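Here is the structure we will look at, set down as structure tokens.
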Amino acid sequence: MKIIRAKDYTEMSRKAANIISAQVIMKPNCVLGLATGGTPLGTYAQLIEWYRKGDLDFAEVTTVNLDEYRGISKENPQSYWYFMHQNFFNHINIQPAHVHLPDGANLDAQAVCEGYDSVIHELGGIDLQLLGLGRDGHIGFNEPNVAFELGTHCVELTESTIEANKRFFESKEDVPREAYTMGIKSIMQARKILMVVNGADKADIVKKAFFGPVTPEVPASILQMHPDFILVLDQEAAAQI
Ligand code: GLP
Numbered sequence: 150m151k152i153i154r155a156k157d158y159t160e161m162s163r164k165a166a167n168i169i170s171a172q173v174i175m176k177p178n179c180v181l182g183l184a185t186g187g188t189p190l191g192t193y194a195q196l197i198e199w200y201r202k203g204d205l206d207f208a209e210v211t212t213v214n215l216d217e218y219r220g221i222s223k224e225n226p227q228s229y230w231y232f233m234h235q236n237f238f239n240h241i242n243i244q245p246a247h248v249h250l251p252d253g254a255n256l257d258a259q260a261v262c263e264g265y266d267s268v269i270h271e272l273g274g275i276d277l278q279l280l281g282l283g284r285d286g287h288i289g290f291n292e293p294n295v296a297f298e299l300g301t302h303c304v305e306l307t308e309s310t311i312e313a314n315k316r317f318f319e320s321k322e323d324v325p326r327e328a329y330t331m332g333i334k335s336i337m338q339a340r341k342i343l344m345v346v347n348g349a350d351k352a353d354i355v356k357k358a359f360f361g362p363v364t365p366e367v368p369a370s371i372l373q374m375h376p377d378f379i380l381v382l383d384q385e386a387a388a389q390i
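Numbering (the numbering used here), first residue to last: 150 to 390.
As structure tokens, this is what we get:
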């Protein structure tokens with residue numbers, strides 16, 4: 150595990166974007182695993198800026214996103230498909246056919262999950278997986294006590310995650326109760342993992358996840374075992390380590 154400390158959110162985002170840029174420059178046809186949530190937004194904004202300057206080219210890049218709510222279509226502004234297009238894909242030269250997210254509109258969980266694992270497999274696996282960190286230690290939507298050996302699967306969201314994500318919806322009742330997510334196994338198979346974490350409210354979970362025991366109670370703790378895991382933190386999130 151490599152820890153990179155940044156003074157604030159902007160610096161954290163720039164450092165993370167630097168690592169992703171290096172990946173894209175070294176392997177223009179790489180497979181990037183991407184994440185939603187508030188934390189990576191600055192990273193995406195920085196990548197867009199470098200793309201506009203002509204320093205980055207996404208023409209050959211393929212992406213696979215971590216997760217998607219179950220039961221909402223991609224046209225729904227609350228979908229992760231929409232979020233990713235709004236905040237990243239619409240602003241770079243990625244080919245639409247190279248963008249992958251689990252199909253939230255398809256309620257056949259088995260078909261969606263098996264199909265998604267096949268897509269990742271056929272792409273030859275993920276070169277670099279970007280992650281945020283949930284307040285309860287979740288990654289993607291792998292909530293506490295998830296089995297580490299799962300591939301893509303359908304999950305019921307915990308109260309804490311519904312509470313945390315309601316800020317993106319009109320009301321708490323509008324937050325979907327289920328989601329499709331890559332499993333811990335899928336994430337751990339990525340060749341490189343990059344996590345971004347900021348803010349004082351994540352300081353406790355950062356300490357638990359990366360300086361405590363590896364346990365399914367804190368899904369992110371498994372990342373301690375990954376051979377190429379980079380954690381980029383701002384000062385507030387690093388306050389307890
Ligand atoms: C959601 C996403 C996760 C993300 C987490 C943290 O639950 N499924 O992938 O890491 O939120 O979000 P934020 O970065 O907004 O704290």
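Note that the Cβ used here is the ideal one computed from N, Cα and C, for glycine as well. From a predicted model like this one, the values you see are computed outputs, not experimental measurements.
| Item | Value |
| --- | --- |
| Distance between beta carbons of residue 284 and residue 354, contact taken as under 8 Å | 6 Å |
| Buried or exposed (CB count within 10 angstroms, at least 16 for buried), residue 256 | exposed |
| Cβ neighbours of residue 177 in the same chain (closer than 6 Å, five flanking residues each side left out) | 209 |
| Distance, residue 180 Cα to residue 274 Cα | 7 Å |
| Residue range of the unbroken beta strand (DSSP E) whose run includes residue 303 | 302 to 305 |
| Neighbourhood of residue 173 by C-beta, 8 Å cutoff - its chain only, sequence neighbours within 5 removed | 179, 181, 205, 206, 207, 210 |
| Secondary structure, beta strand (DSSP E): runs of 3+ residues fully inside the region 253 to 335 | 277 to 280, 302 to 305, 327 to 330 |
| When 334, 184, 304 are compared against residue 233, the one with the closest alpha-carbon | 184 |
| Pocket of the ligand GLP defined by Cβ to heavy atom distance under 6 Å | 184, 185, 186, 187, 188, 215, 216, 281, 282, 283, 289, 290, 310, 314 |
| Helix, strand or coil at residue 350 [DSSP, three-state] | helix |
| For residue 240, three-class secondary structure by DSSP | helix |
| DSSP three-state assignment for residue 175, whether helix, strand or coil | helix |
| Helix, strand or coil at residue 167 [DSSP, three-state] | helix |
| Backbone secondary structure at residue 247 - three-state DSSP | helix |
| Span of the alpha helix (DSSP H), counted from its first residue to its last, around residue 379 | Note, residue 379: premise wrong, no alpha helix (DSSP H); beta strand (DSSP E) at 378 to 383. |
| Nearest residue (CA-CA) to residue 266, options 363, 350, 280, 214 | 214 |
| Distance cut-off 8 Å: residue 346 Cβ against heavy atoms of the ligand PLP | Absent from the structure shown: the ligand PLP. Ligands present: the ligand GLP. |
| Residue span of the beta strand (DSSP E) that contains residue 197, given as start and end | That residue, residue 197, is in no beta strand (DSSP E); its alpha helix (DSSP H) goes 190 to 202. |
| Proximity below 9 Å, CB of residue 368 to CB of residue 292 | yes |
| Candidates 223, 218, 346, 312, of which the one nearest residue 280 by Cα | 346 |
| Within 9 Å, strictly: CB atoms of residue 150 and residue 290 | no |
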